[in-house]
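Position one of the sequence shown corresponds to residue 1 (full-length UniProt numbering), numbered consecutively onward. For each residue, glycine too, the CB sits at the ideal point set by N, CA and C.
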Amino acid sequence: MKATARAHTNIALIKYWGKRNEQIILPTNSSLSLTLDGFYTTTTVEFKEELAKDTFYLNDEPVKGEQYSRVAKFLNLIRRTAGNEQLYAEVRSINEVPTAAGFASSASGFAALAAAGTKAAGVDMSNQELSKLTRQGSGSACRSIFGGFAEWRMGNRADGSDSHAVQVAPQDHWDIRVAAVVLNETMKEVSSREGMKRTVDTSPFYSGWIDSIPNDLKEIKAGISVRDFEKVGQIAEANCLKMHATTLGANPPFTYWLDTTMTVMQTVREMRKSGIPAYFTIDAGPNVKVLYLPQYEEKIQQILSDIEGVTDVRLSKVGQGITYL
Ligand code: DP6
Numbered sequence: 001m002k003a004t005a006r007a008h009t010n011i012a013l014i015k016y017w018g019k020r021n022e023q024i025i026l027p028t029n030s031s032l033s034l035t036l037d038g039f040y041t042t043t044t045v046e047f048k049e050e051l052a053k054d055t056f057y058l059n060d061e062p063v064k065g066e067q068y069s070r071v072a073k074f075l076n077l078i079r080r081t082a083g084n085e086q087l088y089a090e091v092r093s094i095n096e097v098p099t100a101a102g103f104a105s106s107a108s109g110f111a112a113l114a115a116a117g118t119k120a121a122g123v124d125m126s127n128q129e130l131s132k133l134t135r136q137g138s139g140s141a142c143r144s145i146f147g148g149f150a151e152w153r154m155g156n157r158a159d160g161s162d163s164h165a166v167q168v169a170p171q172d173h174w175d176i177r178v179a180a181v182v183l184n185e186t187m188k189e190v191s192s193r194e195g196m197k198r199t200v201d202t203s204p205f206y207s208g209w210i211d212s213i214p215n216d217l218k219e220i221k222a223g224i225s226v227r228d229f230e231k232v233g234q235i236a237e238a239n240c241l242k243m244h245a246t247t248l249g250a251n252p253p254f255t256y257w258l259d260t261t262m263t264v265m266q267t268v269r270e271m272r273k274s275g276i277p278a279y280f281t282i283d284a285g286p287n288v289k290v291l292y293l294p295q296y297e298e299k300i301q302q303i304l305s306d307i308e309g310v311t312d313v314r315l316s317k318v319g320q321g322i323t324y325l
């Protein structure tokens with residue numbers, strides 16, 4: 001009744017931005033991401049007879065409030081799947097995800113929780129089934145079940161039975177790298193959950209976003225399969241800019257960008273002009289992730305670190321899918 005699993009976070013190259021069902025988390029568009037080896041969560045789940053409720057410790061600190069409720073709610077799903085609704089669990093997670101670098105720990109967190117929780121409950125699942133379950137904790141987490149490049153296929157059934165991630169290319173397919181640029185400025189952010197909802201509900205640009213996804217996905221997968229860095233980078237960068245454009249059309253309007261966000265974006269464009277291939281992407285926050293190839297690592301790190309307002313540059317390679325420890 002006890003198991004430990006590790007899952008890595010992922011960065012979307014084609015963004016998930018909008019839900020058609022908030023209850024079981026069904027997206028309005030398919031998305032595609034790169035799993036990152038440097039940033040992960042390790043979680044142990046133990047079901048115990050003597051517990052009267054679930055307990056959740058993050059980095060050895062007890063967690064309460066909204067974060068606890070999301071974990072307990074997710075454990076309910078596991079209990080239902082296992083056919084044992086009476087047994088409570090102790091969950092212990094250790095996060096190696098730099099939240100300062102703008103990585104949400106929810107992707108690696110829910111993927112590790114799903115893997116450890118189902119294993120501890122004695123439920124045997126394929127990775128595809130596990131991805132479907134994980135999706136209901138946090139959408140982007142369903143891609144972290146797989147290493148390398150993963151596509152979350154939105155599916156079209158109302159019950160979500162065809163909405164899960166698949167691996168597009170394995171970890172060793174391509175040594176592409178990601179630099180996470182940490183900024184010294186912060187702001188009170190609109191959560192991705194709230195931001196995408198407001199955008200779906202109010203932004204007149206949203207339909208343009210949706211219309212553009214099938215072609216972006218088709219083209220980026222073609223680029224990944226032949227390891228065409230320029231093609232993959234261009235599509236990822238343009239897709240990110242489109243997602244962020246939808247937020248400006250929302251009511252009330254919002255943006256995740258700060259001054260330094262734009263400075264980093266401009267620096268990446270200048271690097272390209274000077275012959276260093278690099279492209280950026282940005283999630284629901286001000287931090288920028290830069291895609292590059294290994295031979296430019298030293299230069300990229302130096303140029304990004306020298307930008308005023310940048311406090312740290314964290315580098316990562318392509319990561320693996322979930323592992324059981
Ligand atoms: C901008 O997966 O955090 O990072 O499903 O509500 O938990 P919920 O949202 P979440 O949204 C991630 C949005 C994004 C793009 C992406 O990762 O695809």
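K132 vs G160 beta-carbon contact at 8 Å: Yes, Cβ-Cβ distance for K132 and G160 is below 8 Å.
Rounded to whole angstroms, what's the CA-CA distance from N215 to M1? Just pull it up for me. N215 and M1: Cα-Cα distance of roughly 45 Å.
Same chain only: Cβ atoms within 8 Å of A278, ignoring 5 sequence neighbours per side: Excluding residues within five positions, the ones whose Cβ falls inside 8 Å are G233, V268, M271, R272, V290, L291, Y292, Y296 and I300.
Out of curiosity, what's the CA-to-CA distance linking L26 and R314? If you take the alpha carbons of L26 and R314, they lie about 32 Å apart.
Among the residues of its own chain, which have a CB less than 7 Å from the CB of A285, if the five just before and after it don't count? Just to set this straight, residue 285 is Gly in the shown sequence, not Ala. The answer, listed in chain order, is G102, E189 and Y256.
Along the alpha helix (DSSP H) that carries K64, what are the first and last residues, could you check? It is not in any alpha helix (DSSP H) - K64 carries neither H nor E in the DSSP assignment.
Looking at C-alpha atoms only, which residue of D306, E298, Q23 and A150 is the closest neighbour of A158? When each option's Cα is compared against that of A158, the closest is Q23.
Go ahead and label Y16 buried or exposed: buried means 16 or more other beta carbons lie within 10 angstroms of its beta carbon, across all protein chains shown. Y16 counts as buried, since at least 16 other C-beta atoms from the protein chains shown sit within 10 angstroms of its C-beta.
Pull up the DSSP beta-bridge partners for Q167, would you. DSSP lists A150 as partners of Q167.
If you run the structure through DSSP and keep just helix, strand and coil, what is N59? DSSP places N59 in coil when its eight states are reduced to three.
Can you give me the C-alpha to C-alpha distance between Y40 and Q86, rounded to a whole angstrom? Computed Cα separation, rounded: 30 Å.
Can you tell me where the beta strand (DSSP E) holding G38 begins and where it ends? For G38, the enclosing beta strand (DSSP E) covers residues S31 to K48.
Hey, quick one: how far does the beta strand (DSSP E) through F254 stretch, first residue to last? Neither: F254 is in no beta strand (DSSP E) and is coded neither H nor E.
Report the rounded CA-to-CA distance for V288 versus V168, giving the unit in angstroms. CA-to-CA, the gap between V288 and V168 works out to about 24 Å.
Other residues of its chain near W209: CB distance less than 7 Å, five sequence neighbours each side excluded: W17, K242, M243 and T246, listed in sequence order.
Would the beta-carbon of Y16 be found less than 7 Å away from any heavy atom of the ligand DP6? For the ligand DP6, at least one heavy atom lies less than 7 Å from the Cβ of Y16.
Determine the closest residue to F229 out of W174, N59 and A107, with distance taken between C-alpha atoms. Closest by alpha carbon: W174.
Use the C-beta contact count for T134: other C-beta atoms within 10 angstroms, 16 or more gives buried, fewer gives exposed. A buried status is given to T134, since no fewer than 16 other beta-carbon atoms sit within 10 Å of its beta-carbon.
For S71, the nearest candidate out of D60, R177, P253 and T55 (CA to CA): Strictly speaking, residue 71 in this sequence is Val, with Ser absent from that position. The shortest Cα separation from V71 among D60, R177, P253 and T55 belongs to T55.
Cβ neighbours of K119 in the same chain (closer than 7 Å, five flanking residues each side left out): The answer, listed in chain order, is A3, A5 and Y324.
Quick one: Cα of E90 to Cα of I322, how far? One C-alpha to the other measures close to 20 Å.
Compute the minimum distance between the beta carbon of D124 and the heavy atoms of the ligand DP6, and state whether it is under 7 Å. Not so, every heavy atom of the ligand DP6 lies at least 7 Å from the Cβ.
Go ahead and label E49 buried or exposed: buried means 16 or more other beta carbons lie within 10 angstroms of its beta carbon, across all protein chains shown. Looking at its Cβ environment, which holds fewer than 16 other Cβ atoms inside 10 Å, E49 is exposed.
Looking at A12 and the ligand DP6, is the gap between the Cβ and the nearest heavy atom below 7 Å? Yes.
Can you tell me whether A245 is helix, strand or coil according to DSSP? Annotated three-state conformation of A245 is helix, per DSSP.
Check whether the Cβ of A52 sits closer than 7 Å to any heavy atom of the ligand NAD, and report yes or no. In the structure shown, the ligand NAD is absent; the only ligands present are the ligand DP6.
So V97 and V181 are in contact, right, with Cβ under 8 Å, and what is the actual spacing, rounded? With 8 Å as the limit, V97 and V181 do not qualify as a contact, their Cβ atoms being about 16 Å apart.
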